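Heads up: the structure comes next, in C-alpha cells.
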Amino acid sequence: MEPQVRGANAAPDPSSGRREILARWLRWAAAVGAICLLYPLFRFIGYRIPPKPRLVTVPAPLPVSGVHAAHDFFLFATPEGTTAVSRICTHLGCRINYQADKQYIECPCHHSRFTTDGRRIAGPAEKDLPRYKVTTTEDNEGRVTAYVVHL
0 MEPQVRGANA
10 APDPSSGRRE
20 ILARWLRWAA
30 AVGAICLLYP
40 LFRFIGYRIP
50 PKPRLVTVPA
60 PLPVSGVHAA
70 HDFFLFATPE
80 GTTAVSRICT
90 HLGCRINYQA
100 DKQYIECPCH
110 HSRFTTDGRR
120 IAGPAEKDLP
130 RYKVTTTEDN
140 EGRVTAYVVH
150 L
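Each residue of the sequence shown is one higher than the last, beginning at 0 in numbering that gives the first Met the number 0.
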C-alpha cells in the first residue's frame, strides 16, 4: 500500500492550522499566567521593611549656650528655631565636636569644619552633615518642655 501523496493543488488540512493557533494561544496564556503569579512573589522577595525612626527626647530648657551634645547628634536651639545635626563626620566617620568659642563644628581627625546647621565650611569632607527633624512638646501655657529628635 502506497502512502497518499497530496498534490500541489490539494487543500491543507484545516485541523492542523487550528491546532497550531490553539497551541500558540495556550503558550501565551501560560506565560501571562506565570507572570501574573510570579510578579507578587518577586516583589515580596525584594521588599525591605524601612527602619522605624528612633526618637530621642531632650528635656527643656537647654543649657545657656543653647547646645545639647548627645552621642549621635548636636541639638541647637536659637530664637530662629531648633536644628539637630549628626555627630558623625561625612569624611571618614569620626565623632565631631562643637567649638563653642568659634561657633562651628570641627572634626578632630582631619579638621573638617561645619556650621551649626550642618553645612560644610572647610576640610576634606565633601558633604554636609545630615540634619534630623526636631519637634517640640509644649505645656498648656505654650512653654517648650522637651525637644524630640527624629533619628
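Each residue gets a CB set at the ideal place from its N, CA and C atoms; glycine is no exception. Values in this document were obtained by computation on a predicted structure and should not be read as measured data.
Around the beta-carbon of V148, 16 or more other beta-carbon atoms lie within 10 Å, marking it buried.
DSSP places P58 within a strand segment (E or B) once states are collapsed to three. In this structure, F73 lies near Y97, with their beta-carbon atoms less than 7 Å apart. Put simply, the backbone Cα of L25 is about 28 Å away from that of F43. The beta-bridge partner set that DSSP reports for Y131 consists of A83. Pairing G92 with R23, the inter-Cα distance amounts to about 60 Å. Note that the C-beta distance between A33 and V143 is not below 7 Å.
For E105, the enclosing beta strand (DSSP E) covers residues 103-105. Shown here, V143 sits in a strand according to DSSP, grouped into three states. V148 sits in a strand when the DSSP states are folded into three classes. Pairwise C-beta distances place the stretch 131-145 in contact with the stretch 77-87, as three or more of them are shorter than 8 Å. Inter-residue distance for H110 and I48 is about 37 Å (C-alpha atoms, whole angstroms). In its chain, beyond the 5 residues on either side, R112 have a beta carbon closer than 6 Å to the beta carbon of A121.
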